[in-house]
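Have a look at the structure below before the remarks.
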Ligand SMILES: NC(=O)c1ccc[n+]([C@@H]2O[C@H](COP(=O)([O-])OP(=O)(O)OC[C@H]3O[C@@H](n4cnc5c(N)ncnc54)[C@H](OP(=O)(O)O)[C@@H]3O)[C@@H](O)[C@H]2O)c1
């Protein structure tokens, strides 16, 4: 791979008309590569993309990622590189390995489409098959200032179940409770502490910008059942002492958790 020239590499992004796809299309264009993008009704079809491009990246909604990869995989060549940007990694990486003969790398950028550059932002990398493209991938992202974390798809999904699925579920719970309370958010903001302002901003982002993404991150997480069970158990534990107004027991419950010490 190291011997390949920039003009020999064309990059295809399926979902390149969307938020994240566009960021990566711009990035590769800035680096001097020819980039083809497609969406549901725009751009080359899947066989044409696989035929023209040495690197193909899938960046479509999580719920249809497997289906798109299964259509694309058989068209990929053995010496090509297949990657995805999906927020979950176990199922997409498995689908890329099963459906294509290509080299496979799973990516998860830990930022949204609003960033001006990759500088200081983290990208998770899951090396799945082949070694000839990884230096090229790392070189492009590190040159742009990104921080790279290498892990397995399974470990990624376990950690992101907490960073994203639980975290977003928590924000959605708060948002839905505020809405059911019936309070006017503009009034609430007048009383907000700085941290609560930030929480309200997060809730607004989730409820107005791409709710499908948050729904899929939560509901399709392989750890969602454990999260829901723990959520219910934790609330029940808290309720049992709060019902009794047992502040000492509540203090003990909080203190015993040792959170914040590491
Ligand atoms: N947004 C984030 O903050 C974020 C962060 C990290 C990772 N991701 C991951 O990035 C991926 C894309 O998310 P996004 O936020 O960029 O979504 P998005 O803005 O909704 O874009 C989705 C893209 O997929 C295309 N698409 C939809 N259905 C398709 C189909 N059946 N066949 C082919 N293309 C199809 C859309 O094309 P048209 O609309 O032109 O038809 C569009 O280009 C997801 O896997 C997500 O988990 C998102």
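In my numbering, the protein residues as written are 1 to 262. Built from N, CA and C at the ideal position, the CB exists for glycine as well.
Name, in chain order, the residues that DSSP records as bridge partners for residue 212.
Answer by DSSP bridge pairing: none, since residue 212 is not bridged.
Nearest-angstrom Cα separation, counted from residue 239 out to residue 232:
Each residue's Cα considered, the two are about 10 Å apart.
Host alpha helix (DSSP H) of residue 12 (start-end):
Premise fails: residue 12 lies in the beta strand (DSSP E), 10–14, not in any alpha helix (DSSP H).
Would you tell me roughly how many angstroms separate the C-alpha atoms of residue 207 and residue 79, rounded to the nearest one?
Pairing residue 207 with residue 79, the inter-Cα distance amounts to about 42 Å.
Say the cut is 7 Å; is the CB of residue 109 nearer than that to a heavy atom of ligand 1?
Taking the Cβ of residue 109 as the reference point, at least one heavy atom of ligand 1 falls within a distance shorter than 7 Å.
Opening and closing residue of the alpha helix (DSSP H) in which residue 224 lies:
Per DSSP, the unbroken alpha helix (DSSP H) holding residue 224 starts and ends at 224–243.
Closest Cα partner of residue 60 within the set 54, 18, 97, 172
The candidate whose alpha carbon is nearest that of residue 60 is 18.
State the DSSP-derived secondary structure class of residue 82, mapped to helix, strand or coil.
Here residue 82 carries a strand assignment [DSSP, helix/strand/coil].
For residue 202 and residue 171, the rounded distance between their alpha carbons
Approximately 7 Å, taken between the alpha carbons.
Length of the line joining the Cα atoms of residue 102 and residue 215:
When rounded, the separation of the alpha-carbon atoms in residue 102 and residue 215 is 31 Å.
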